[in-house]
Amino acid sequence: MCFSLRQSIIDGDIENSLKYANECIKASMNPLEVLNKCVVAGVLELGDKWIRGEAFIADLVAAAEAAKVVIPILKNEIVKRGGKLEYVGRAVIGTVEGDIHDIGKTIVATIWEVNGIEVIDLGVDVPPQKFVEAVKQYNPDIVGMSALLTTTMVKQKETIEALKAAGLRDKVKVIVGGAPTSAEWAREIGADGWAPDAISSIDVVMKWLREKRSAVGEAHG
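The sequence shown lines up with residues 3 to 223 when you count with my numbering.
And the structure:
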């Protein structure tokens, strides 16, 4: 069943992903192992294929959608059985105000989540103040902002300025992305980092989280 679930995730088959996830639960399989060895492994395998040029962005989109449907089911089952999800960090993510493109942001959110980051997805068309409120409410380590239009890129800058005005900028690492953005743009607006795609974004944010854990460890050492 695990192999079938993993393959369904790779295929972006939501119906079969749900079917096999529920079958794994009914068979009393460890939901945490199912999450890691079937769902996470499937997404990461497809990500590796994409890096090698053996898969398309549409394949990543479909796999992310399948994983997004299955992950909450397995999470609920883990908690129901008295288990606990061990997150390595927390992130708030959204597509900035004026932009309703969802695909890239959804793939990033899913990639982060399957790598152990708790993700609060604010959706699309997110104004700067909503990012500020989310940082206050959830106290994340990372804020991710997507912009797919040259006309909405400026909202990434406005959001960083809003975080500064609220006294929150130094509490989070900010990563930006989207087709019209660049490393130069990220530096210009005062972001901490930039990634050209979902797969490379995980390397950036995981590096930040490792550095934070190391710093916390040294402070308590």
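Virtual Cβ for every residue (Gly too), placed ideally from N, Cα, C.
Owing to the predicted nature of the structure, the values given are computational and were not obtained by experimental measurement.
query: Measure the Cβ-Cβ separation of residue 156 and residue 176 and say whether it is below 9 Å.; result: no
query: Does the CB of residue 169 have a neighbour CB from chain B at under 9 Å?; result: Going by chain labels, chain B is absent from the structure shown, which holds only one protein chain.
query: Mind checking whether residue 85 and residue 46 have CB atoms under 9 Å apart?; result: no
query: What three-state label does DSSP hand residue 203 in the structure shown?; result: helix
query: With a threshold of 16 other CB atoms inside 10 Å of the CB of residue 79, please say whether the residue is buried or exposed.; result: buried
query: Distance check for residue 104 and residue 10, CA to CA, integer angstroms please.; result: 22 Å
query: Can you give the Cα-Cα distance for residue 44 and residue 154, rounded to whole angstroms?; result: 33 Å
query: Under 8 Å Cβ to Cβ from residue 125, same chain only, skipping five residues before and after it: list those, please.; result: 96, 97 and 104
query: Beta strand (DSSP E) containing residue 178: first to last residue?; result: 175-179
query: Take every Cβ of the segment 162-174, pair it with every Cβ of the segment 196-208, and state whether three or more of those distances are shorter than 8 Å.; result: no
query: With the cut-off set at 9 Å, would you say residue 110 and residue 76 are in Cβ contact?; result: no
query: Which whole-angstrom value describes the C-beta separation of residue 130 and residue 88, a residue pair presumed to lie in contact below a C-beta threshold of 8 Å?; result: Going by Cβ atoms, the distance from residue 130 to residue 88 rounds to 32 Å, so no, they are not a contact pair.
query: Identify, in the order they occur along the chain, each residue of the same chain with its Cβ nearer than 7 Å to the Cβ of residue 101, setting aside the five sequence neighbours on each side.; result: 126, 127, 149, 150, 151 and 154
query: Between the C-alpha atoms of residue 27 and residue 93, what's the straight-line distance to the nearest angstrom?; result: 28 Å
query: With distance defined between alpha-carbon atoms, name the residue in 186, 53, 59 and 201 nearest to residue 114.; result: 201
query: Please name the residue or residues paired with residue 252 in a DSSP beta bridge.; result: One cannot answer for residue 252 here, as it falls past the ends of the chain, which runs 3 to 223.
query: For residue 55, does the three-state DSSP call read helix, strand or coil?; result: coil
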